[in-house]
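I have placed the structure first, in the form of structure tokens, so that the comments after it can refer back to it.
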Amino acid sequence: MTGPVTGTLHHVEIWVPDLARAVTSFGWLLEALGHTEFQRWNTGRSWRLGATYLVLEESPALTSDRHDRCRPGLNHLAFHVQDAHAVEALAAEAPRHGWSLMFPDRHPHAGGEQTYAAYLENTDGFEVELVAAPRT
7 MTGPVTGTLH
17 HVEIWVPDLA
27 RAVTSFGWLL
37 EALGHTEFQR
47 WNTGRSWRLG
57 ATYLVLEESP
67 ALTSDRHDRC
77 RPGLNHLAFH
87 VQDAHAVEAL
97 AAEAPRHGWS
107 LMFPDRHPHA
117 GGEQTYAAYL
127 ENTDGFEVEL
137 VAAPRT
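Using the working numbering, the letters of the sequence shown map in sequence onto residues 7 to 142.
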């Protein structure tokens with residue numbers, strides 16, 4: 007058995023202003039994308055897919071109560087999705103879990119005509135992009 011490829015992501019940690027809200031939005035999405043809960047503690051959760059995991063933590067050291075994707079730092083996370091049908095199914099279900107569709111007037115080609123994707127934003131200002139695998 008071989009280990010992870012050198013240079014691939016080990017994990018990403020995102021500080022959130024409200025863990026319960028983050029678990030509602032990110033937890034649903036990550037599990038819909040095949041991640042499984044990996045760790046759980048009073049101020050955080052993590053989900054794993056393969057050798058990579060994503061951490062959400064409500065840290066006492068936070069300096070703001072909302073993420074601003076237009077400031078230096080994380081703009082968004084982009085996830086591979088099986089196909090256009092899966093992108094649409096996730097985008098349709100997302101509002102029930104705290105996400106809203108961004109750029110609805112340009113959906114599903116807000117990233118350009120070559121890309122089929124949904125851009126979602128949650129209540130705390132975090133953006134995710136769900137990108138359909140290209141047709142082969």
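The beta-carbon is built from N, C-alpha and C at its ideal position, and this holds for glycine as well.
Predicted model, so just to flag it, every value in this text is computed and none were measured.
| Check | Outcome |
| --- | --- |
| For the 8 Å Cβ check, are there 3 or more pairs between the segment 97 to 107 and the segment 27 to 35? | yes |
| Should the segment 19 to 28 be called in touch with the segment 59 to 74, which here means at least 3 C-beta pairs below 8 Å? | yes |
| In whole angstroms, give me the CA-to-CA distance for Arg46 and Asp130. | 21 Å |
| Do Leu83 and Val11 have their C-beta atoms within less than 8 Å of each other? | no |
| Could you give the distance in angstroms between the alpha-carbon of Arg54 and the alpha-carbon of Asp111? | 33 Å |
| By the 10 Å Cβ neighbour count, where 16 or more other Cβ atoms means buried, how is Asn128 classified, buried or exposed? | buried |
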